[in-house]
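Sequences listed follow chains F and W, in order.
What the first sequence shows, in our numbering, is residues 1 to 27, in sequence order.
What the second sequence shows, in our numbering, is residues 1 to 201, in sequence order.
Each residue gets a CB set at the ideal place from its N, CA and C atoms; glycine is no exception.
Predicted model, so just to flag it, every value in this text is computed and none were measured.
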Amino acid sequence: FSDPASNLGLEDIIRKALMGSVDERPE
Amino acid sequence: GAKVLACPLNSCPVSPSDRSTQQVWDAFSQCFSPAVRDVVEFSRSIPGFHTLSQDDQIRLLKSGTFQVLMVRFCSLFDAKQRTVTFLNGQTYPLASLRALGMGALLDAMFDFSEKLSMLGLESDEVSLFMAVVLVSADRSGISNMAAVDKLQDDLINTLRSLLVQRRPNDAEIFPKLLLRLPDLRTLNSLHSEKLLSFRID
């Protein structure tokens, strides 16, 4: 791992949290 | 053979020696992931943050999550008692954590926590400061720099107005608070070094 954020899998958690929030919004 | 991950978000600073590094990391992930999701949730409450592109939101969150968490969990660092309370409620003396090799980073965290708590901010002021921290994070790869600059200016102005309105006789509090931003950058670098030194075989 050369990047701490990658080490933590941070982007994946953030992306899922952001996408989840979009999915849960009412039409 | 014990594995050390002395982060207050972890359930315990030292894991049993019979656990593999991957198991230790997976357990730690269960602890920090909810905190990261909370930061994402918080970002949605920042006025104007949602107007940034999703990729730019993700980049700022990647760069700034640790710094936001540092502000949010400042109270875990008790400067008087020289103890750190982990999120599971266990309290550890600084000396014992220092013996685990966490000295320089923890000292900087205590220093930051002490300086921030001395300002006596209200909870809404802390939230606004965390918003400023997030949009002031490293901007590598940001596609719309002007939009982030504008959002940062707006949030800083709102924070300044709030502090001036509530503390008309304390002109120092706002510059003192802004001085904590470079402190957080330094902490972020120290924290990154620690993270990189923990390698999964």
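The beta carbon of valine 68 of chain W is closer than 6 Å to those of Val39, Met130, Val133, Leu134 in its chain, skipping five residues each way along the sequence. Of W/Thr186, W/Ser192, W/Asp183, W/Leu121, the smallest CA-CA separation from isoleucine 173 of chain W is found for W/Leu121.
Here threonine 91 of chain W is bridged, per DSSP, to W/Thr85. Within chain F, the residues Ile14, Ala17, Leu18 have their CB atoms less than 7 Å from the CB of valine 40 of chain W, given in chain order. Between leucine 87 of chain W and leucine 187 of chain W, the gap from beta carbon to beta carbon reaches 7 Å or more.
Annotation for phenylalanine 66 of chain W: the continuous alpha helix (DSSP H) segment containing it runs 54-72. DSSP places lysine 3 of chain W within a strand segment (E or B) once states are collapsed to three. The alpha carbon of serine 20 of chain W has as its nearest neighbour, out of W/Gln81, W/Pro13, W/Lys3, the alpha carbon of W/Lys3. Cβ neighbours of arginine 59 of chain W within its own chain (closer than 8 Å, five residues either side excluded): Arg139, Ser140, Gly141, Ile142.
Taking C-beta atoms as the reference points, leucine 5 of chain W and phenylalanine 28 of chain W count as a pair closer than 7 Å. Taking a beta-carbon distance threshold of 7 Å, isoleucine 142 of chain W does not count as an interface residue toward chain F. Taking C-alpha positions only, alanine 99 of chain W is separated from tyrosine 92 of chain W by approximately 12 Å.
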